[in-house]
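This report refers to the structure that appears directly beneath it.
Residue numbers (my numbering): -2 to 356.
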C-alpha cells in the first residue's frame, strides 16, 4: 500500500512522544510519503483534508494515569470524519532500567481508547503501539541516569521503525504480546484511569509551586502548551498552575533555575481532603440538609458527588497554597519537605524546548 499523505499529530511534555513522532515521520518519508509532524496545539485537522486509503493519520502521545491524556482524548473526539483514511496510534509509557533489566511501562487503555475514537470517526485503524521511553515523572522520582536513558531510547527507535514499516506496507499490527499485555492492564486498571481523569489529574496539577530560586523569567508560562501556567503579581511575578495543567513535567524539566517543584507535603493534605474519613464526615453533615445523603453507600451518585467535591476543593485550596509559598519561610518549608528539589530533571536528550513549545 502506498501512502502519499501522512500527518502525525503529537502531544509531548518532555520530548519522548515528540521524538517517537519524528521517528515515525522519518520512516514514512523514507517510504516516499509526504509527511507533516504537528503538535496538537498547532494542528488544523479541517485543513489537512485526509481522505481515502492513500492518507494516513498518526496519533502519538504520552500515557497519563494508564490512559490517554485528557487533552488528547478531546482532540481525537473533535477530529473530522476519516472518509476512508488509515490511522495508527503510538503511546509512550514509562520505561525503566534497573541494572541490566529493562522493565516495561503501562499504557493501559490509552491506545485502545484513541483507536476506538478514530474508528468511530471513520478511520481504518491499522495498529497500535505502546513504546517504552524513559520515565519522566519527576514529581515522583528523579530522572534516570544518562546511561539508562540512552539505553532505553536506543531500544525504542527500532520498534517505531518496525511498526511503521508494517503499517506503511498495508499490514496491521494488533495481535502482539505487548498489546495483549496492555489489554490485561487496561481491564484491571480501568477504574484507576477513570479516577485519574475525573479527580487525580486535578489534584496532581495542584502540587506544583516555585521555590525562591525562581527569577520570574516566564519560560514556564511561555512554553506551556495548555496555557496552564500563569505568572501573577506585579513586584515579583510568581507561577500559578491552573485547572488545565496535565502534569506533563515540561515546566519542571526545562526550568533553567530548577525552581519548580511538586510538594509532597501539600499532596498529603490533598489526600486527607479526599480521604474516606473526610468525605464520610461531610456526607454526614450534609445529610442534615439533604436527608439520606449519608446512606448513599457505593452508589454511582456518591462517586459523582465525590468527584465534584474534589474537583472543587483541590483548586480552591490551591489559592491558599499559592499564598503560603509566597512567604519566604513557608516556601523553604515546602521546598525542604519534598525531595523533588534534589531530583535530576528529565528531558529527551535530542529535543529542544523550542521544538515542543511552538505557538
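Glycine residues also receive a C-beta, built at the ideal position from the N, C-alpha and C atoms.
Buried/exposed call for residue i, threshold 16 Cβ in 10 Å
i: residue 36; result: buried
i: residue 212; result: exposed
i: residue 135; result: buried
i: residue 345; result: buried
i: residue 238; result: buried
i: residue 26; result: exposed
i: residue 59; result: buried
i: residue 75; result: exposed
i: residue 243; result: buried
i: residue 301; result: exposed
i: residue 349; result: exposed
i: residue 83; result: buried
i: residue 258; result: buried
Per DSSP, the bridge partner or partners of residue i
i: residue 249; result: The partner list for residue 249 (beta bridge, DSSP) is empty, contrary to what the question assumes.
i: residue 130; result: 91
i: residue 121; result: 83
i: residue 205; result: 259
i: residue 36; result: 7
i: residue 227; result: 237
Residue i in three-state terms, based on DSSP
i: residue 82; result: coil
i: residue 236; result: strand
i: residue -1; result: coil
i: residue 138; result: coil
i: residue 156; result: helix
i: residue 61; result: strand
i: residue 31; result: strand
i: residue 55; result: strand
i: residue 99; result: strand
i: residue 170; result: strand
i: residue 338; result: helix
i: residue 344; result: coil
i: residue 357; result: No information on residue 357 is available, as it lies outside the stretch -2 to 356 that the chain covers here.
i: residue 188; result: helix
i: residue 74; result: helix
i: residue 244; result: coil
i: residue 328; result: helix
i: residue 24; result: helix
i: residue 354; result: coil
i: residue 181; result: helix
Cβ distance (whole Å) where residue i is taken to contact residue j below 8 Å
i: residue 128; j: residue 157; result: 7 Å
i: residue 255; j: residue 210; result: 7 Å
i: residue 34; j: residue 17; result: About 10 Å; that fails the 8 Å criterion.
i: residue 51; j: residue 2; result: 6 Å
i: residue 204; j: residue 121; result: Contact doesn't hold; Cβ gap of about 41 Å is too wide.
i: residue 53; j: residue 0; result: 5 Å
is_contact[residue i, chain B] using C-beta, thresh 8 Å
i: residue 106; result: Annotation note: the requested chain B is absent from the structure, which comprises a single protein chain.
Are the region 247 to 265 and the region 149 to 163 in contact at 8 Å, needing three or more beta carbon pairs? no
Count the CB pairs spanning the region 243 to 257 and the region 217 to 233 that are closer than 8 Å, and state whether there are at least three. yes
Evaluate contact between the region 76 to 91 and the region 103 to 111, counting only Cβ atoms and requiring at least three cross-stretch pairs below 8 Å. yes
Are the region 65 to 83 and the region 135 to 145 in contact at 8 Å, needing three or more beta carbon pairs? no
Assess contact between the region 196 to 208 and the region 160 to 178, defined as three or more Cβ pairs (one per stretch) separated by less than 8 Å. Is contact present? no
Any contact between the region 168 to 185 and the region 2 to 16? By contact I mean 3 or more CB pairs, one from each, below 8 Å. no
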